[in-house]
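Residue numbers (the working numbering): 1 to 182.
All C-beta atoms, glycine included, are put in the ideal place defined by N, C-alpha and C.
Below: one structure, written as structure tokens.
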């Protein structure tokens, strides 16, 4: 598997897992979603909001890539989100609609990334204003790993609330290979 295929696979996994989380969230009432569960972001809803906010921040940074991926034009038009706005979406339907839109955008953008794009150093400032120049492929690895990390937290919160999210492993999306094919 080459690097662009890996990026596309991670985008598909991201979309698949986020959809599973939204389906799990729909099985809880609004009070249960908003309940403080003593987690890092407090509630299930606030953790899901963090993922939307962080993804948007990163996508806006990625939109400054010299390749100027047109698939990111919609996020260029969004106002810059605030990391602290964990109550941005207070109801599941609004959060779910935005999450699904964002995930479709990520999948489409992943399809547009070319192998040479991955070797570019991306110049950006973090949330504290510290400027960095980091390898784009490494930043994409961080982007997808960050999502996986927090989805792990939220699946634990769902489990504690009595909701089974089901299979969460990337392995479930990997195609079978014939014997001797790799």
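- The Cβ atoms of residue 122 and residue 71 lie no closer than 8 Å to each other.
- Every alpha helix (DSSP H) of 4 residues or more that sits fully in the region 56-81 is shown, in chain order, as 73-76.
- Taking a contact to require three or more Cβ pairs closer than 8 Å, the region 29-36 and the region 69-86 do not qualify as touching.
- Residue 53 and residue 120 have their C-alpha atoms spaced approximately 24 Å apart.
- Pairing residue 1 with residue 170, the inter-Cα distance amounts to about 15 Å.
- Within its own chain, the residues whose Cβ lies closer than 8 Å to the Cβ of residue 127, once the five positions on either side in sequence are excluded, are 57, 83, listed in chain order.
- Buried is the label assigned to residue 7, since at least 16 other Cβ atoms lie within 10 Å of its Cβ.
- Inter-segment contact for the region 9-28 and the region 138-157 is present: three or more beta-carbon pairs are separated by less than 8 Å.
- CA-to-CA, the gap between residue 124 and residue 178 works out to about 43 Å.
- C-alpha of residue 150 to C-alpha of residue 55: approximately 12 Å in a straight line.
- Going by DSSP, residue 132 is part of the beta strand (DSSP E) stretching over 131-135.
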